[in-house]
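This report concerns only the one structure given below.
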Amino acid sequence: MKAVTLTALSISLLSLFAEAAPKVPRVTNPRVYGPQALAAARKQAAQSHLLSSSYAAAPQAAFNEKYACSDAATSSAAVILDSRTVPTDPDANIWASLTNDEAAAVIAFLHSDKASLNLTAAENATSWDNAISVVDLLLPNKTEALVYLDKGGPRPERWAKVSIMYGATEEPYVETIAVGPISTDNSTEMAIANLGWQTSKGEHKIRVWNMDEDRFHKYTLNISASMQDVVMDLIGLKAVGDDDDTASTWGTDPVWQQGNATDPKIIRWVGYWANIEGFPFDSQTLLPQGIYFEVETTGRDPSKWKEMGWLYNNVYYEDKAAFRTAWSQPGFEKAAQRNTYGTWTATDRQGEPLAEDAKARPVVIAPEGQRFSVDSARKFIQWGSFSAYMGFSRDTGLRLFDIAYDGQRIIYELGLDEAIASYSGNDPVQAGTSYLDTYYSFGAYAFELAEGYDCPAGAYFFNSTFHAEEQSRTHHNSICAFEMPMDYPIQRHSSGSYISITSNVALIIKSVSSVGNYDYSLSYIFYLDGSIETRVQASGYIQAAFYAHNEDFGYQIHDGLSGSMHDHVLSFRLDPDILGVNNTFAKHSIVPVNQTYPWSRGISRPGMKMVRSVVETEDDGALNWPANGSEMYVIVNQDEPNAYGEPRGFRIMPSLGSGHVVNIQDSPNLLKSQSFATHPLYVLQRKDSEASCASPWNNYDTGNPIIDFSTYFNGESLNQTDLVLQFGLGMLHVPHTGDLPNTVQTTAQASIIFSPHNYLLSDPSRRTNQQIRLDYDSSNARVVSNIERFGASPAPNWKYNLSDAYPTLQNYRGDVTVRKFPYDPLQPFGDT
1 MKAVTLTALS
11 ISLLSLFAEA
21 APKVPRVTNP
31 RVYGPQALAA
41 ARKQAAQSHL
51 LSSSYAAAPQ
61 AAFNEKYACS
71 DAATSSAAVI
81 LDSRTVPTDP
91 DANIWASLTN
101 DEAAAVIAFL
111 HSDKASLNLT
121 AAENATSWDN
131 AISVVDLLLP
141 NKTEALVYLD
151 KGGPRPERWA
161 KVSIMYGATE
171 EPYVETIAVG
181 PISTDNSTEM
191 AIANLGWQTS
201 KGEHKIRVWN
211 MDEDRFHKYT
221 LNISASMQDV
231 VMDLIGLKAV
241 GDDDDTASTW
251 GTDPVWQQGN
261 ATDPKIIRWV
271 GYWANIEGFP
281 FDSQTLLPQG
291 IYFEVETTGR
301 DPSKWKEMGW
311 LYNNVYYEDK
321 AAFRTAWSQP
331 GFEKAAQRNT
341 YGTWTATDRQ
351 GEPLAEDAKA
361 RPVVIAPEGQ
371 RFSVDSARKF
381 IQWGSFSAYM
391 GFSRDTGLRL
401 FDIAYDGQRI
411 IYELGLDEAI
421 ASYSGNDPVQ
431 AGTSYLDTYY
441 SFGAYAFELA
451 EGYDCPAGAY
461 FFNSTFHAEE
471 QSRTHHNSIC
481 AFEMPMDYPI
491 QRHSSGSYIS
501 ITSNVALIIK
511 SVSSVGNYDY
521 SLSYIFYLDG
531 SIETRVQASG
541 YIQAAFYAHN
551 EDFGYQIHDG
561 LSGSMHDHVL
571 SFRLDPDILG
581 VNNTFAKHSI
591 VPVNQTYPWS
601 RGISRPGMKM
611 VRSVVETEDD
621 GALNWPANGS
631 EMYVIVNQDE
641 PNAYGEPRGF
651 RIMPSLGSGH
661 VVNIQDSPNL
671 LKSQSFATHP
681 LYVLQRKDSE
691 ASCASPWNNY
701 DTGNPIIDFS
711 TYFNGESLNQ
721 TDLVLQFGLG
731 MLHVPHTGDL
741 PNTVQTTAQA
751 SIIFSPHNYL
761 LSDPSRRTNQ
771 QIRLDYDSSN
781 ARVVSNIERF
791 GASPAPNWKY
801 NLSDAYPTLQ
811 NYRGDVTVRK
821 FPYDPLQPFG
831 DT
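Just so we're aligned: the sequence shown equals residues 1 to 832 in the UniProt record's numbering.
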């Protein structure tokens with residue numbers, strides 16, 4: 001269950017507050033770009049009837065000049081740039097989230113007469129008003145960004161991406177527009193521009209079929225009240241809308257669309273879930289009760305909505321009269337078990353204590369302080385050979401930009417685009433549930449991390465801020481960065497006379513988003529050998545099913561309870577730039593052979609060899625991970641061979657798990673909104689018009705989404721052009737008894753590694769001081785003749801207060817809100 005309403009949907013933006021660290025110089029390296037990278041792409045955006053006639057043509061044309069991109073990739077014919085020059089404003093992070101003042105300026109402009117949007121202030125708005133839903137940064141086009149980053153060109157203008165809920169109509173919809181250039185001091189004139197060019201349907205607008213959630217909730221409770229005697233007899237709970245209700249009613253997500261385009265029918269199934277009033281654990285998703293009813297909610301007039309069938313104990317009744325009649329008959333078969341809450345749903349310590357477990361647990365410390373730098377002005381982090389900028393959004397949370405290795409960009413963008421949790425079961429609520437979680441938001445639910453548990457004591461923490469319903473809300477310490485010695489050395493070798501071994505210290509940047517019942521931990525891990533790992537781990541409460549007749553869809557895991565099988569697929573965007581933007585996706589296949597050799601005297605010998613090929617066009621860009629690891633996928637720059645003639649590149653491969661796709665490939669719930677999850681890996685030509693694989697608003701109308709990823713594949717060349725990868729992380733989750741009370745992250749995890757492949761001439765981890773070589777007498781292994789520490793201190797001269805490694809968490813905080821409209825700078829903060 002995603003326990004939020006429409007009013008909880010929000011934009012999340014990062015506010016990074018950190019002590020200033022010395023700026024890390026960028027080394028100069030030759031860069032390869034095409035002519036399109038030297039000027040912003042130009043495209044006349046199609047006029048949309050969604051735009052008010054008051055939207056001036058001149059501002060739209062100016063916006064098109066800077067933002068509406070060409071369908072071509074970022075570059076083609078190569079042009080050599082002499083060096084990487086310093087941007088004109090080196091402190092600027094062009095992906096940094098909107099400030100509170102920027103959000104306030106945008107919102108004030110949209111309420112002005114010039115905008116002519118007929119908006120209602122969010123605090124007064126009802127479902128029948130037009131109101132601002134979310135505000136976020138409109139990311140600059142890569143074409144323009146590279147001119148700034150690599151040629152010292154002008155800094156891209158700041159524009160906002162604003163989603164407005166239009167409720168003052170019988171056919172409500174969400175429209176997302178661009179607003180800018182943003183001015184907080186009225187020095188420039190802001191305007192509204194169309195974002196249809198960033199969609200696959202030509203307009204950034206989507207119909208909202210479930211606009212009236214408050215009315216729907218009352219409607220279902222009225223239905224429930226009319227059957228309360230039956231419900232009480234079967235499950236012993238009450239759901240009528242009273243304060244002392246002992247059950248709640250909620251169900252399928254997204255809504256089902258039946259009928260046709262001219263006569264649509266909106267169908268929703270609702271189930272009963274036990275309330276846990278006074279019980280301090282968020283375990284309602286473990287408490288389904290096994291009664292379901294069906295309603296048609298087409299249109300916005302509840303008097304025209306229809307009560308339909310009921311389902312109980314695997315018997316479908318055409319209407320409640322038939323259900324009541326059957327229930328009143330002697331011999332009516334009731335479910336043999338009930339599902340009730342108890343300590344089995346609590347996450348507190350239970351059971352026999354473990355031996356020695358009361359002693360202080362092991363911890364990670366940095367005895368001589370932090371070993372990485374953070375530039376608070378640029379939201380920039382540097383560790384070893386790596387550096388990166390940070391961004392943050394309401395939809396997807398933490399995102400990394402301009403990831404460089406030794407000053408050379410290797411990744412332009414890395415971050416989450418969408419997350420699916422798609423269920424299956426014998427009952428219509430489980431069968432009808434397929435969450436698209438960016439609709440609920442990863443950023444808005446990236447709450448404060450628990451120091452000493454989510455991240456070690458002494459980790460570097462950042463805040464995040466999102467703008468929703470004309471408020472700005474800050475979550476303290478919701479992102480952390482820290483070094484961690486991994487549980488294995490990165491290198492070792494021993495012989496009869498020495499041992500060489502290197503500590504495997506990594507930098508981890510992490511956030512956790514609690515999206516309803518699930519907690520998703522997202523980590524970006526940087527290694528000394530130049531590898532970058534993207535890792536997802538899941539915990540929290542499962543959404544379970546009632547046990548009756550669910551044997552084919554899961555295990556019975558408690559009295560009255562079945563685990564509900566489901567897929568998790570989280571789709572990430574990776575934009576590699578290997579020695580420039582012009583890259584090729586190579587496939588190096590290891591194939592069996594049976595052949596003769598000059599030395600084999602004419603006898604064929606079975607063996608294996610490498611066959612090199614490339615993915616030529618987007619028609620072949622939907623990929624599966626090779627069985628038995630028999631193929632290597634490498635993003636190479638064919639124009640940049642190493643000293644031995646091998647193209648330099650980075651390999652992408654599964655690390656934890658084997659990649660995952662949705663098992664229900666033709667989902668009737670997600671329809672055209674899951675096309676990014678039918679393969680574990682995709683490679684495409686990168687375009688500014690294809691900035692994401694999904695829209696968070698696709699959930700409103702999955703059959704007619706704002707972005708249909710399948711439309712991106714149109715046969716374009718992938719040979720030495722700007723590429724983008726879309727990869728899926730996830731798992732098939734069939735809950736078992738070990739998922740009670742919460743799923744554990746031991747097995748609920750998956751990751752991808754992006755690793756140098758002939759990119760460098762040797763292993764770069766040799767540069768670290770954190771290694772040792774022990775020379776010893778082979779005849780007497782106890783005699784060490786030499787210890788080579790390579791500059792690392794054997795025992796630093798320090799005293800460390802171990803109590804600092806065990807934080808009390810007494811200062812764990814909630815969030816801070818700032819009202820943005822009307823905005824009072826003298827009274828900006830309010831605790832919530």
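We put the CB at the ideal spot given by N, CA and C, even for glycine. On a predicted model such as this, the values are computed, not experimentally measured, just so you know.
At the level of alpha carbons, what is the spacing between residue 622 and residue 681? 6 Å
Backbone secondary structure at residue 225 - three-state DSSP: helix
Terminal residues of the continuous alpha helix (DSSP H) containing residue 428? 428-431
Residue 237 in three-state terms, based on DSSP: coil
Let me check understanding here. Comparing Cα to Cα, which of 110, 201 and 124 lies closest to residue 711? 201
Hey, would you say residue 234 sits closer than 8 Å to residue 544, going by beta carbons? no
Taking the alpha carbon of residue 628 as the point to measure from, which residue in 779, 158 and 592 has its own alpha carbon closest? 592
Ordered along the chain, which non-local residues of its own chain (more than five positions away) have a Cβ less than 8 Å from that of residue 555? 562, 563, 734, 735, 736 and 737
Where residue 390 falls, given that 16 or more other Cβ within 10 Å makes a residue buried: buried
What are the boundary residues of the beta strand (DSSP E) that includes residue 327? Run containing residue 327: none in the beta strand (DSSP E); it sits in the alpha helix (DSSP H), 320-328.
Residue burial classification, residue 813 (beta-carbon count within 10 angstroms, cutoff 16): exposed
Residue 643: first and last residue of the uninterrupted beta strand (DSSP E) it sits in: It is not in any beta strand (DSSP E) - residue 643 carries neither H nor E in the DSSP assignment.
Would DSSP call residue 244 helix, strand or coil? coil
Would you tell me roughly how many angstroms separate the C-alpha atoms of residue 470 and residue 145, rounded to the nearest one? 29 Å
Grouping DSSP H, G and I as helix and E and B as strand, with all else coil, what is residue 689? coil
So, at 6 Å on beta carbons, what are the nonlocal neighbours of residue 684 in its own chain, with the 5 sequence-adjacent residues on each side left out? 618, 621, 712 and 724
Please classify residue 645: is it buried, with 16 or more other beta-carbons within 10 angstroms of its beta-carbon, or exposed? exposed
Residue from 363, 151, 579 and 241 with nearest C-alpha to residue 487: 363
Just list the residues that DSSP pairs residue 403 with in beta bridges. 411
Residue 752 versus residue 538 - alpha carbon distance: 16 Å
Report yes if the C-beta of residue 209 is less than 7 Å from at least one heavy atom of the ligand MG; otherwise report no. For the structure depicted, the ligand MG is absent and the ligand set is empty, with no information on it obtainable.
If I follow the unbroken beta strand (DSSP E) through residue 664, where does it start and stop? Run containing residue 664: none; DSSP gives neither H nor E here.
Report the CB separation of residue 454 from residue 480 in whole angstroms; it is logged as a contact under 8 Å. 7 Å
Count the other C-beta atoms from every protein chain shown that fall within 10 angstroms of the C-beta of residue 566, then say buried if there are 16 or more, exposed otherwise. buried
CA-to-CA distance, residue 94 to residue 192, given in whole angstroms: 20 Å
Closer than 8 Å, CB to CB, is residue 411 near chain B or not? You won't find chain B in this structure, because it holds only one protein chain.
Just the Cα atoms here: how many angstroms apart are residue 374 and residue 729? 29 Å
Rounded to whole angstroms, what is the Cα-Cα separation between residue 763 and residue 382? 20 Å
Taking the alpha carbon of residue 529 as the point to measure from, which residue in 386, 323 and 718 has its own alpha carbon closest? 386
Would you decide whether residue 371 is buried or exposed? Buried here means 16 or more other CB atoms lie within 10 Å of its CB. exposed
What's the call for residue 599, buried or exposed, on a 16-neighbour Cβ count within 10 Å? exposed
Can you tell me whether DSSP reads residue 215 as helix, strand or coil? helix
Nearest neighbour of residue 463, chosen from 244, 527, 376 and 403 [CA to CA]: 376
Give the single residue among 181, 351 and 436 whose Cα lies nearest to the Cα of residue 698. 436
Test item: CB-CB of residue 557 and residue 739 under 8 Å: yes
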